[in-house]
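Asks: So the sequence shown is numbered by my numbering: it starts at 318 and just counts up by one. Glycine included, every Cβ here is placed at the ideal spot set by N, Cα and C.
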Amino acid sequence: MEKYKEIERSIIKKFRKEIWGRFVRAIKDYNLINDNDKIMVCISGGKDSFLLAKCIQELKRHSKTKFDVTFTVMNPGYKKENIEKIIDNANLLNIDIKIFESDIFAVAEKLNKEKPCYMCARMRRGYLYNKAKELGCNKIALGHHFDDVIETTLLSIFYGAEFKTMLPKLHSENFEGLELIRPLYLVKEEDIIAWKKFNNLEFINCACNFTEKTKSDSELSKRKEIKELIKYLKTKNKNIDYNIFKSAENVNLNTVLGYRQNKEKYNFLDSYEKKDE
318 MEKYKEIERS IIKKFRKEIW GRFVRAIKDY NLINDNDKIM VCISGGKDSF LLAKCIQELK
378 RHSKTKFDVT FTVMNPGYKK ENIEKIIDNA NLLNIDIKIF ESDIFAVAEK LNKEKPCYMC
438 ARMRRGYLYN KAKELGCNKI ALGHHFDDVI ETTLLSIFYG AEFKTMLPKL HSENFEGLEL
498 IRPLYLVKEE DIIAWKKFNN LEFINCACNF TEKTKSDSEL SKRKEIKELI KYLKTKNKNI
558 DYNIFKSAEN VNLNTVLGYR QNKEKYNFLD SYEKKDE
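#1: Any Cβ of chain B within less than 9 Å of the Cβ of residue 515?
#2: Under the rule that 16 or more other beta-carbon atoms within 10 Å means buried, what is residue 361, buried or exposed?
#3: Could you have a look at residue 389 and say whether DSSP puts it in helix, strand or coil?
#4: Thinking C-beta only, is residue 325 closer than 9 Å to residue 371?
#5: The alpha helix (DSSP H) that contains residue 466, what's its start and end?
#6: With a CB to CB cut of under 7 Å and the five nearest residues on each side skipped, what residues in its chain are close to residue 563?
#7: When the distance is taken between beta carbons, is residue 421 closer than 9 Å to residue 444?
#8: Mind checking which residues open and close the beta strand (DSSP E) that includes residue 504?
#9: From residue 649 to residue 378, what distance separates their C-alpha atoms?
#10: How long is the line joining the alpha carbons of residue 549 and residue 352, rounded to whole angstroms?
#11: Can you give the Cα-Cα distance for residue 544 and residue 341, rounded to whole angstroms?
#12: Taking the alpha-carbon positions, what's the residue 585 to residue 480 distance?
#13: With a 10 Å radius around its C-beta and 16 neighbouring C-beta atoms as the bar for buried, classify residue 578 as buried or exposed.
#14: Can you name the residues that DSSP bridges to residue 576?
#15: Should the region 491-506 be called in touch with the region 385-404, which here means at least 3 C-beta pairs below 8 Å?
#16: Cβ atoms of residue 464 and residue 506: under 9 Å apart, would you say?
#17: Report the rounded CA-to-CA distance for residue 359 versus residue 541, giving the unit in angstroms.
#18: DSSP three-state label for residue 490, please.
#19: On the three-state DSSP scale, how would you describe residue 328?
#20: For residue 318, which of helix, strand or coil comes out of DSSP?
#21: Is residue 375 closer than 9 Å to residue 328 when the C-beta atoms are compared?
#22: Between residue 522 and the rest of its own chain, which residues show a CB-CB distance below 7 Å, the 5 nearest in sequence each way excluded?
#23: Alpha carbon to alpha carbon, what distance is there between residue 587 and residue 458?
#24: Would residue 344 and residue 512 qualify as a contact pair, given that the criterion is a beta-carbon distance under 9 Å?
Shown next as structure tokens:
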């Protein structure tokens, strides 16, 4: 059996519950993929986006839902060896990728030499939306997983002073008709790592020229800090990650000081006095 077929089989068989089942559940629960969709799957070169690509390949092969898919790699200025590694992995996994060039790394570092990561993330999103439009796609699929969701939630609380999570899908504010979807929303990172190790796969990480040089970017260190905190809390309560995730579904507006919706801000006092009348 060819290597890529063994890898595909591992998703369906070995990791059926941990990966395939949760992937399919997210598709159904959040209505992520529909008939006649044309999806641009964004491959960064890491384990998450490559697994996403394989899962969507399998879904297209077996699902009754009829949709088209294209696998896209944006080169923001990777070193030659990183691009070669992405191409090698795409060939190994039998994924037909389309690579397009950008100068994001250089521009982001020029605009903010000390902390280019925020600018880089914003620019990446714009490039991807433009490429999706060019390809005639109506959805962009990213490889964010369960752990990204809960880490983002805690980062927002601890460092942003707001309760905000990462949604399974959202409409683009600047590109009409485009949606961003996250089909690995329910898949845990530990299971993605287990899948990678089981198949003896090696992927690039961030591969950002800036973080490779500094190893100390604040956003990365904060996320690592949150990862370590969750790991510690799980030794006290094994369901802590699930509870963080579910808290975003169980917000009781009667017990919060305030909230924002559609750019309007609400305070608990707005309705508090009316209850006494």
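Replies: This is what the structure gives:
#1: This model lacks chain B altogether; it includes just one protein chain.
#2: Buried is the call here.
#3: In the structure shown, the three-state DSSP call for residue 389 is strand.
#4: Cβ distance < 9 Å, so residue 371 and residue 325 count as in contact.
#5: Counted as a single uninterrupted DSSP element, the alpha helix (DSSP H) harbouring residue 466 occupies residues 463-477.
#6: Contacts found: none.
#7: Between residue 444 and residue 421, the gap from beta carbon to beta carbon is short of 9 Å.
#8: In the DSSP assignment, residue 504 falls outside any beta strand (DSSP E) and carries neither an H nor an E.
#9: The requested residue 649 is not part of the displayed model; the chain covers only 318 to 594.
#10: Residue 549 and residue 352 have their alpha carbons spaced roughly 43 Å apart.
#11: Counting only the Cα atoms, residue 341 lies some 26 Å from residue 544.
#12: The straight-line gap from Cα to Cα measures roughly 16 Å.
#13: Exposed, since its Cβ has fewer than 16 Cβ neighbours within 10 Å.
#14: In the DSSP output, where bridge partners are listed per residue, residue 576 has 583.
#15: No, the region 491-506 is not in contact with the region 385-404.
#16: Taking 9 Å as the Cβ cut-off, residue 506 and residue 464 qualify as a contacting pair.
#17: When rounded, the distance between both Cα atoms is 24 Å.
#18: In this structure, DSSP gives residue 490 a state outside helix and strand, which the three-state scheme calls coil.
#19: Looking at residue 328 - three-state DSSP - the assignment turns out to be helix.
#20: Residue 318: coil per DSSP, three-state reduction.
#21: Taking 9 Å as the cut-off, the Cβ atoms of residue 328 and residue 375 count as close.
#22: Once the five neighbours on either side are set aside, the close Cβ partners of residue 522 are 363.
#23: Approximately 39 Å between the Cα atoms of the pair.
#24: Cβ atoms of residue 344 and residue 512: not closer than 9 Å.
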